[in-house]
Amino acid sequence: MTTRKGAATRLRIVEAAAAEIRERGINAVTLDDVGRRSATGKSQMFHYFPQGREQLLLAVTEHEAANVFDDQRPYLEELTSRAAWQAWRDLIIGNYRDRGIHCPLGVLIADVGRHSPAAREVTAQLIRRWQECVRLGIQATQANGEADPALDPDRTAAAVITAIQGGVSVLISTGSADHLEAALDLCLDHLLLPAAS
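Structure representation (structure tokens):
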């Protein structure tokens with residue numbers, strides 16, 4: 001049974017590892033770096049992560065996946081109208097402009113996910129969950145008469161998530177969120193019917 005203090009220490013280690021990876025990339029980060037940043041020793045790290053680096057990276061993946069999803073609540077669960085989609089879009093663009101290349105999604109799609117099958121599965125679960133929320137939002141917006149009823153909700157949701165991921169990949173490469181904004185705007189222009197005048 002982990003104590004409250006133990007849980008806080010474990011979280012501090014995970015957050016430190018995530019921050020190091022966001023800033024420097026997975027290949028440059030060592031357990032010593034994480035220990036310095038989290039003010040923990042190797043014995044503490046191996047207490048919470050007895051399998052070492054691989055187990056810690058999996059915990060980072062889970063942590064960052066939760067951050068990506070939680071950052072979008074409650075917007076993601078209320079995609080039922082043009083206004084709701086616009087608010088969600090503004091949140092995403094604002095978050096990634098603010099965070100720049102140091103964003104949680106970047107850790108998942110550009111770093112950790114490539115190094116571990118277990119981490120890839122966590123990322124895949126996030127994508128499935130995220131896409132399902134978008135799909136349900138598309139269906140709700142279609143039912144409200146504000147989205148094109150001819151669109152396939154599954155394919156459109158997949159395109160929206162891919163636009164975000166692709167935009168974040170370009171952001172990581174260039175430091176600019178302009179491509180993310182353009183891709184997401186095109187998806188929403190395709191999804192939403194023209195506003196009534």
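Note that full-length UniProt numbering numbers the sequence shown so that position 96 is 96, with each residue one more than the last.
Glycine included, every Cβ here is placed at the ideal spot set by N, Cα and C.
(request) State buried or exposed for T30, treating a residue as buried only when at least 16 other CB atoms are found within 10 Å of its CB. (result) The C-beta of T30 has fewer than 16 other C-beta atoms within 10 Å across all chains shown, which makes the residue exposed.
(message) At a threshold of 6 angstroms, does H102 count as lining the ligand MG (C-beta to nearest heavy atom)?
(response) Questions concerning the ligand MG fall outside what the structure shown contains, since it holds no ligand whatsoever.
(message) To the nearest angstrom, how far is the alpha carbon of T162 from that of I13?
(response) Cα to Cα, T162 sits roughly 31 angstroms from I13.
(request) On a CA-only basis, which of P194, A177, R4, T3 is nearest G94? Give me that one, please. (result) It is A177.
(message) Please identify the residue among V34, A87, A39, R24 whose C-alpha is closest to the C-alpha of L184.
(response) The shortest Cα separation from L184 among V34, A87, A39, R24 belongs to A87.
(message) As a quick exercise: from V170, T40, E181, I164, pick the residue whose alpha carbon is nearest that of I127.
(response) Measuring C-alpha to C-alpha distances from I127 to each of V170, T40, E181, I164 identifies I164 as the nearest.
(request) Decide if A59 is buried, meaning its Cβ has at least 16 other Cβ atoms within 10 Å, or exposed. (result) Result: buried.
(message) Tell me the rounded alpha-carbon separation between A16 and A143.
(response) Whole-angstrom Cα-Cα distance: 44 angstroms.
(request) In angstroms with no decimal places, state the Cα-to-Cα distance between Q125 and A39. (result) Cα-Cα distance, rounded: 32 angstroms.
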